[in-house]
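Chains as they are written, first to last, in my numbering: chain Z, 1 to 179; chain W, 180 to 416.
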Amino acid sequence: MAKIKVATAHMAGCFGCHMSLLDIDERLVKLIELVDFDKSPIDDIKKFSGKVDVGIIEGGCASQENYEVLHSFRKHCSILVAVGECALTGGIPAMRNTVPLKECMEEAYLKGPSVVDGVIPNDPDIPLILDRVYPLHEVVKIDYFIPGCPPPADAYWQVLTALLEGKEPVISYEALKFD
Amino acid sequence: MSNGKITIYVDDVEVETEPGKTIMEACDASGIYIPRLCYHKDLIPGGHCRVCTIKVNGKPTNACTFPAQEGLVVENDTDELKEFRRNIIEMLFVEGNHVCPYCEKQGNCELQALAYRLGMIAPTYPYLFPKIEVDASHPDVYIDRNRCVICGRCVRASRDIDGKSVFGFVGRGNDKHIAVNAEHNLSETQLTAADRAADICPTGSIVVKRTAYKVPYGKRMYDQEPIGSDIEKSAKV
Ligand code: SF4
Ligand code: SF4
Ligand code: FES
């Protein structure tokens, strides 16, 4: 049987959700027997090799680059899974959503107590920041969600194994967490 | 009935109770959990949140305020009502700013626990991200209205138990919020950390300072068992 292709991406988050995926410990060995990682920070592959079965995204959509990656994942992945509070709700980065973007930038780069000769960065190499941080499902269709900060390893395992078996994922009560 | 008891029928189960009890009280005593948020057993029911919505003889109403009467037919644990309740919980999440990862009430929060129990994995409504200030002026208690669900428990507890009326509702509709009975902020009120109003909030909106994160992850109130399990376990056999 052909292995199932999985891609992962990290957006406006802290990489904790990726770390929690590694927390499935020895079950990783079993996972590797069932899946091949495509584009992902786990294997450092930067480009999609083609169509992928499952895409997993950590972090909210906060910049132009995030937006493009998210759309590219939606295009390449048959099933898209949002993982972690930042992807599901905007999370901690979304604390800036209650402050207008201009004020945020001025506070960080002009008025901050440690700023000397501040300037708001405007280099073409730096992704443009969006007006606010968006939960992923407000930007593209998301098929499944794994909440948690980070999601418990068991929640990952339950959802991934269900998807690999073609079943509808169910997260057990003990593994369903928003924190 | 001659023995002074009355019988209601909840999802086809016979529940015996006494006149004067609400449907919520009758069900609690029989081990049937009806989800609730603004209700607290030590307070006069407020009927604010509608999470306890049931159908009585086919019509939706609040279980926490509706008096039990002989022969009432009650629907509680139905897909329709669960969906309705989950929608209320979802709306409460997106109307405030609920960042559970750093909230001091995490794991012990009734709103979060209701979301788990009612199967809210991620809210399906758009987040509003309102701008709301925190009032940390009081030395021992803070109020963070980002997490307030306007349940009025603090209002009732302060008025009816503490006899202080520190909290009150102001505004209507979307503008409705909890105000403190002072010129500026909480530090000017008579509230103390020992007041019932200081520890009766179902969410992380009113919190006694320096009490958070004492119980480790995995052992908090709702980590292992869903909210309402205590009532269900007390079922009379
Ligand atoms: S009050 Fe409850 S639901 Fe809101 S952020 Fe805190 S733990 Fe989460
Ligand atoms: S502060 Fe807490 S107790 Fe008071 S209305 Fe808000 S959620 Fe309810
Ligand atoms: S618990 Fe009955 S209306 Fe809130």
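Idealized CB from N, CA, C, for every residue including glycine.
Predicted, not measured: the structure shown is a model, and the values here were computed from it.
Where W/Phe272 is concerned, the enclosing alpha helix (DSSP H) starts and stops at Asp258 to Glu274. Under the Cβ criterion of 7 Å, Z/Asp179 is counted among the residues facing chain W. Secondary structure within the segment 81-135 of chain Z: the beta strand (DSSP E) runs of 3 or more consecutive residues, fully enclosed, are 129-134 (chain order).
Here W/Ala205 carries a helix assignment [DSSP, helix/strand/coil].
Annotation: W/Val394 has no Cβ neighbours in chain Z at a cutoff of 7 Å; minimum Cβ distance is about 13 Å. Here the distance from the Cβ of Z/Val170 to the nearest heavy atom of ligand 3 is not below 6 Å.
Membership of W/His356 in the beta strand (DSSP E) is indicated by the continuous run His356 to Val359. Residues lining ligand 1 by the Cβ criterion, that is a Cβ closer than 5 Å to any of its heavy atoms, are W/His277, W/Cys279, W/Cys282, W/Lys284, W/Gln285, W/Cys288, W/Leu290, W/Gln291, W/Arg326, W/Thr382 and W/Gly383 in chain order.
With a cutoff of 6 Å, W/Leu216 counts as near ligand 3, since its C-beta is closer than that to a heavy atom of the ligand. Put simply, of W/Gly250, W/Asn255 and W/Ile406 the residue whose alpha carbon is nearest the alpha carbon of W/Thr240 is W/Asn255. When W/Asp190, W/Ala208, W/Gly407 and W/Gly347 are compared, the shortest CA-CA separation from W/Tyr295 is found for W/Gly407.
DSSP places Z/Cys61 in the strand class (E or B) of the three-state scheme.
In the DSSP annotation of this structure, the continuous segment of the alpha helix (DSSP H) that includes Z/Gly16 starts and ends at Gly16 to Leu22. Within a 10 Å sphere around the beta-carbon of Z/Asp38 sit 16 or more other beta-carbons, which makes this residue buried. The straight-line gap separating the alpha-carbon atoms of W/Ala377 and W/His356 is approximately 17 Å. With a cut-off of 8 Å on Cβ pairs, the segment 135-155 of chain Z is in contact with the segment 81-98 of chain Z, counting three or more such pairs. In this structure W/Thr303 is exposed. Its beta-carbon is surrounded by fewer than 16 other beta-carbon atoms within 10 angstroms. Here the C-alpha atom of Z/Phe15 lies approximately 44 Å from the C-alpha atom of W/Arg335.
Linking Z/Leu128 to W/Arg351 through their CA atoms gives a straight-line distance of about 39 Å.
For chain Z, the residues of the segment 297-308 of chain W that bring a beta carbon within less than 7 Å of one of its beta carbons are Ile300, Ala301, Pro305, Tyr306 and Phe308, in chain order.
With a minimum length of 3 residues, the unbroken runs of beta strand (DSSP E) contained wholly in the segment 358-389 of chain W fall at 385-387. Proximity to Z/Ile45 across Z/Lys102, Z/Gly91, Z/Leu101 and Z/Ala7 peaks at Z/Ala7, based on C-alpha coordinates.
Listed along chain Z are Ala94, Met95, Asn97 and Thr98, each with a C-beta nearer than 9 Å to that of W/Asn276. Along the segment 265-341 of chain W, the alpha helix (DSSP H) occurs as fully enclosed runs of 4 or more residues at 289-296 and 332-335, listed in sequence order. In the three-state scheme derived from DSSP, where H, G and I count as helix and E and B as strand, W/Asn353 is classed as helix. Of the other Cβ atoms in all chains shown, fewer than 16 fall within 10 Å of the Cβ of Z/Ile120; this residue is therefore exposed. Under the 7 Å criterion on CB atoms, Z/Phe15 is classed as non-interfacial with respect to chain W.
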